[in-house]
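Residue numbers (this note's numbering): 5 to 329.
Report on one structure; see the data block that follows.
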């Protein structure tokens, strides 16, 4: 089903994209990746010799079209993004990368006979809600990042509907797992605990819906089975449960056997923090027969074990990063 399929991945040096590249390379797919000129490829360094690499920015419209015609991808996983971290705060670059970059990619791919295009988006599109977020909720993003992702999702939806394209959007909530960025909550706390240091965190009552990377990958793979039925559709990808930062931090400290106390308030978060952040995943369950298999405790156990064996990968990863949770 997947062997020898031509798969194109944007954002392959990022958390989600790198895991997708690894998964489908193992399954025998022909992987092509689009790398920005300044990409830092530590997540795929050991497999980069086995994939086809093209240096292009999604804003380079003509060059992008030429490369897409050369690759002729059957499947596209679009995960390239800017603005997901607090230090990525240039509003023009956020809009250009996330919206116009997506527009250019979708239009370039319309020039080839692709079978599935998965647009990776974010729960930030929803903004502040007081109940589990559903795909048909009013989008009220509270920041530039959420606004740009909402624009891209709406364009993808309208283009798929108008042209009958097999183009689907996944709205990810708070993913965690292997190769996650060290500036994010779960990796930063794990790495601190493994060093015997007190983790620096923000407010204990901040909430998130955390979803383990393996469950996310299961859904991407499942979409290949349903590729003829998912065009012009949007699906939430979350656990369907929310946890406070305190619950997550305390679980990690316990699972690592640490004897540290978190430094609450050591991280200043300037973003608006909601009192509720939870996915309604009914639609994915009903239409794709998908549900997460990994609860938070089990997912954290797997993640911690992976970090214990791969600490060396993080020794030289942008040590100057300030943390944001």
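Note that CB positions come from ideal geometry on N, CA and C, so glycine has one too.
Please report the distance separating the alpha-carbon of residue i from that of residue j.
i           : j           : result
residue 162 : residue 203 : 44 Å
residue 138 : residue 175 : 10 Å
residue 192 : residue 186 : 5 Å
residue 143 : residue 263 : 42 Å
residue 76  : residue 97  : 28 Å
residue 117 : residue 258 : 51 Å
residue 302 : residue 73  : 43 Å
residue 284 : residue 243 : 9 Å
residue 329 : residue 183 : At residue 329, the pLDDT of 34 sits below 50, so the modelled position is not reliable; the number obtained from the coordinates is stated separately. Near 17 Å, if we compare the C-alpha coordinates of residue 183 and residue 329.
residue 273 : residue 232 : 42 Å
residue 65  : residue 255 : 46 Å
residue 318 : residue 271 : 20 Å
residue 320 : residue 14  : 24 Å
residue 278 : residue 11  : 37 Å
residue 26  : residue 217 : 12 Å
residue 43  : residue 17  : 7 Å
residue 71  : residue 56  : 11 Å
residue 41  : residue 112 : 19 Å
residue 164 : residue 235 : 6 Å
residue 58  : residue 110 : 17 Å
residue 173 : residue 81  : 10 Å
residue 169 : residue 60  : 24 Å
Would you list the residues sitting across from residue i in a DSSP beta bridge?
i           : result
residue 178 : 214
residue 137 : 283
residue 230 : Partner(s): none; residue 230 has no beta bridge.
residue 34  : 10
In its own chain, which residues sit with a C-beta less than 8 Å from the C-beta of residue i, not counting the 5 before and 5 after it?
i           : result
residue 209 : 248, 249 and 250
residue 8   : 32, 33 and 34
residue 99  : 148, 151, 152 and 155
Do residue j and residue i come within 8 Å of each other at the CB atom, strictly closer than that value?
i           : j           : result
residue 31  : residue 79  : no
residue 104 : residue 68  : no
residue 194 : residue 311 : yes
residue 39  : residue 121 : no
residue 219 : residue 287 : no
residue 245 : residue 159 : no
residue 215 : residue 179 : yes
residue 157 : residue 123 : yes
residue 213 : residue 177 : yes
residue 135 : residue 280 : yes
residue 221 : residue 315 : no
Can you find the residues in the same chain that come closer than 7 Å, C-beta to C-beta, to residue i, ignoring five residues on each side of it along the sequence?
i           : result
residue 266 : 202, 203, 205 and 253
residue 5   : 228
residue 304 : 255, 256 and 259
residue 28  : 6, 11 and 35
residue 115 : 69, 72 and 73
residue 52  : 45
I'd like the list of long-range same chain contacts for residue i, defined as Cβ closer than 6 Å, with 5 residues on each side in sequence excluded.
i           : result
residue 108 : 62, 65 and 68
*Do the segment 13 to 30 and the segment 48 to 63 meet, that is, are 3 or more Cβ pairs less than 8 Å apart?*
yes
*Segment contact, 8 Å Cβ cut-off, at least three pairs: the segment 236 to 243 with the segment 288 to 295*: yes
*Does the segment 84 to 104 touch the segment 150 to 164, meaning 3 or more C-beta pairs lie closer than 8 Å?*
yes
*Do three or more CB pairs link the segment 216 to 229 to the segment 293 to 309 at distances below 8 Å?*
yes
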